[in-house]
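Heads up, the thing below is written out as structure tokens.
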Amino acid sequence: MKRSEAAKYARWSAAVALALAGVTGVVYLERGWVAHRERKAAPAPAPHDVERQSSGLTFSKVDGNRTIFTVQASKSVDFKGKEASLLEDVRITIFGKTGERHDVLHTQSCQYGKENGSITCSGDVRMELQSAADVERGAAPGMTVETRGVTFERASGLARTEQPVKFVFPNGKGEAVGADYRSEEGTLRLLRDVRLALAQPTGSNGKKKAANAAGEEVRVSGSSLEIGRNTRTMNLQGPAEAETGTQKLTAGEISLVLDAGFHAERLVARAGGSGKRPELASLGGRGTMALSADELRAQFAPEGWVARVEASGAVQGSLQGALEKDEMTADSGGVEMWARVSQPKTLDLNGNVHLQTQNSKTGEGRTLQTSALHVDFSGGKEGEASRPVKAETRGAGSMEWTEAGTQPGGTGAQTRLAADKLAVDFGALGKARQLVATGNVQTERTAAGRAAQTATAQSGVAQLAAGGGWSQMDLQGAVKLREGERSAQAEHAVFLRAAQSAALTGQAVVRDASTETHAARITFLQGTGDIRAEGSVRSTDFAQRGSTVHLAAAPANISSDGMQANSKAGRAVYTGHARLWQGDSVLEAESIELHRDSRVLTASGNVRAVFPQVMVETAAQAPGSQGTRKGPMLWHVSAGTLNYQEVENRAHLERNVVVQSAEQRMRGAALDLYFMRGGVSGQNTGGGAQQISRATGTGGVVVEQGERRGTGERGEYTAADGKFVLSGGNPTLYDASNGTTTGRQLTFFLADDTIIVDSENGSRTLTRHKVEK
């Protein structure tokens, strides 16, 4: 081999060696760079106290084949010498014993106790409470809870915190301090200082109500709150309050039942352990309202408005308005609400219902009592206040009105109306205008110093005044009225409060201890004691002795077109074809007036009367004779006026007076009739009928008997001996057969022809002829 070739090969060998060396260096550099990058990308070395790290952790609590809850963490770190692990990105999913729930508790890091299985999360914790069905359909959580410092016990499934808690649910949010969540029971208990804010439901047009549009919410507070996921209940322990700008509910405890969508379905307020009875206070357009009971319940529609409110157990309510205060008590009650507007639609009160209203301006009051009451309300439209339309009792009821007293602090007249059923109709402004009573109607009116006035009927209607009192009351069907010793009956009665009157029509009859009056219409004025009767009036006095007039031993009857009397004054006036009859005595006139206390009768206007005369003992009836006794004659009387004095047994007649029997007549300007009771002349026994015993006339007296006529200024007739005495002026006796006889005084006897003439020349007796009878 040549030297040149050997050098050439040497150079090539060196180049190849250098190339191989370069490649080898590049390979080593690359491996070093990769190792550097791997070392840099590798996790940091575990601290000296870390025993083990794992990238994920999952464990569950299982009961049979049912998973109660599952704990998941993205990373777990075990520490040397410690019985705790650090869990990161922790998620606890709770299914409950039935598997119906899918509640999730989520936080960034927690401490896991290996021995007791507790998980302590010191950071922020979020809980999402929802059902498995909601998760399946992708619905949002029904409630979210945010807090921190939560401890979860694996064995019991209890999650607890003492830190502030905030929570949100449909149409509401709240806060509290401390919480317990029991996964197996599905209950969340907020431990203390609970505050809730509930949004008002929207209206039918999707807009918020006016109150809520101004920022109003329902603010709820209590000492603790327990939320049951399985039972869908929220129990707020008291003293609990629910308040808006115009309403406030306080109670020992408040329970809220939720629907499947976690919306309010039913609210129940009770006294609970604190003994604080539920009480609802409201401030509205009509005034301040308060309602309390052993239990209050509210039913909500799915859309959120109140559908029904119920109260039970010693229900008490009040409404304080500008002028009136209403108070109510009952065993229970319920209010049905119009949809969407939460205005009353119907009200039902049951058991010992008592409603009382007092007017502070007038001092008047009214009270309704019944076993059950139903009220219908108008409304159903937004922006329109609900008003009562009709109220009716479901059983027997009574309404009582108390009028203002005439003296300060005194009690005025009281009126009570009771029936098998009462119904009240209300006007357009919601004011009661008419009360209808049906079946066994009873009324009673009392006033100081007056006898109570009671009435019964089959039905009745009371017209109500704007202030709530009654103005007129109509009773129908077999009406019976009683006031003191007086009673009445009719088919129809009308009572007027302002006039204090009662008017009876339809076969009206009024009675007292001794009298009875029939008329087409009879009116009583309670205040004055006046009584008016109209149309075919007929009165009967059964007393006989002690009555205004006692003309015979028989009831006295009076008829007329009209009658006006006063029970206090004891005065009665019968007008229009007035007629009185008692035994054989009859009296007719345009008017007849009776005075009970003075026992005086006054008749005026075309007076006509018939009175019996005492029996006259004729010669044939002398003692020892065999003749028969002649009965009493009837005397007919006519005059302009007649005044009868029962005490004096005398009737005074004036104006064209004429008294006549079948055989004689006596006329004069004025005439007095004197009576005596029953029996034969001269025997006033004190019993029997009043009979004319004597008559005296003045002012141009004219006496007529057949063809005989006597005149004088004064005349006197004595029934006992059947004689006339004419005196005064120039007494004259005319006889068509025997001429004229005059004297200072003339006395002539009806039974015979005897005339006694008293003149200046003395007295003489003339017997001319026997008068035929």
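Per this note's numbering, residue -6 is the first one in the sequence shown, and the count goes up by one each step. Ideal placement from N, C-alpha and C gives every residue a C-beta, glycine not left out.
Which listed residue (the options) has its alpha carbon closest to that of residue i
i, options, result
"R301", "L719, L284, E258", "E258"
"G221", "G265, K424, Y174", "Y174"
"A445", "V454, G453, R409", "R409"
"Q101", "N58, L251, I87, V83", "V83"
"L218", "A172, A244, L260, H256", "A172"
"E129", "H95, W628, L229, A663", "H95"
"R98", "S275, V70, T113", "The sequence given here places Leu at residue 98; Arg does not occur at that position. Of the candidates S275, V70, T113, the one whose C-alpha sits nearest the C-alpha of L98 is T113."
"V187", "G453, A632, D590, A235", "A235"
"A148", "F52, R185, G92, P337", "F52"
"T711", "T734, N731, L666, Q683", "L666"
"V382", "R589, V502, R426, S686", "R426"
"A773", "E437, C103, A286", "Nothing can be reported for residue 773: it is not among the residues displayed for the chain, which extend from -6 to 766."
"L251", "M136, A169, T740, Q362", "M136"
"N228", "G265, G238, S597, A596", "G265"
"L646", "N58, T634, S654", "T634"
"L50", "S285, F293, Q65", "Q65"
"E478", "T447, E76, A471", "T447"
"S686", "D714, E700, G699, A662", "D714"
Same chain only: Cβ atoms within 6 angstroms of residue i, ignoring 5 sequence neighbours per side
i, result
"Q156", "T140, R141, G142"
"H485", "Q469, T498, G499"
"N550", "T533, W574"
"Q240", "S275"
"A458", "S464"
"F535", "S507, P548"
"E509", "T533"
"V334", "E375"
"N677", "Any reading at N677 must be qualified, since the residue scores a pLDDT of 44, below 50, and its modelled position is unreliable; no value is offered."
"T86", "T63, V97"
"S480", "R504"
"L627", "V603, P605"
"G420", "R426"
"R572", "S552, E581"
Rounded C-alpha distance that separates residue i from residue j
i, j, result
"S494", "I585", "24 angstroms"
"G527", "A440", "The identity of residue 527 in the sequence shown is Glu, whereas the question assumes Gly. If you take the alpha carbons of E527 and A440, they lie about 27 angstroms apart."
"L544", "M392", "49 angstroms"
"V158", "G327", "36 angstroms"
"I247", "P232", "9 angstroms"
"L151", "S176", "6 angstroms"
"G116", "E296", "37 angstroms"
"P134", "E121", "6 angstroms"
"A455", "V640", "48 angstroms"
"R387", "H570", "52 angstroms"
"V55", "F62", "7 angstroms"
"E375", "W298", "13 angstroms"
"R592", "A562", "12 angstroms"
"A304", "R153", "36 angstroms"
"G179", "E385", "47 angstroms"
"F145", "R182", "14 angstroms"
"A332", "F370", "13 angstroms"
"D590", "L474", "25 angstroms"
"G306", "G460", "31 angstroms"
"V70", "S48", "9 angstroms"
"A192", "L366", "34 angstroms"
"H511", "A496", "13 angstroms"
Residues bridged to residue i [DSSP beta-bridge criterion]
i, result
"I685", "Q606, F668"
"D418", "K383, Q427"
"W574", "N550, V579"
"D590", "Answer is none; D590 lacks a bridge partner."
"A172", "T154, L183"
"M136", "L122"
For residue j and residue i, believed in contact at Cβ under 8 angstroms, the rounded distance
i, j, result
"A315", "N345", "Contact doesn't hold; Cβ gap of about 29 angstroms is too wide."
"V651", "R643", "Incorrect: roughly 18 angstroms between the Cβ atoms, too far for contact."
"G310", "A283", "7 angstroms"
"T541", "D554", "With a Cβ gap of about 20 angstroms, T541 and D554 do not count as contacting."
"V695", "R660", "4 angstroms"
"A662", "G693", "6 angstroms"
Cutoff 8 angstroms; reference residue i; Cβ partners in own chain excluding five residues on either side
i, result
"G681", "A545, A546, R670, G671, G672"
"L422", "R380"
Contact set for residue i: own chain, Cβ-Cβ below 7 angstroms, skip 5 residues either direction
i, result
"S752", "G736, R737"
"K269", "G231, P232, T243, A244, G245"
Proximity test, Cβ basis, 7 angstroms: residue i and chain E
i, result
"M330", "In the displayed structure, chain E is absent; only one protein chain is listed."
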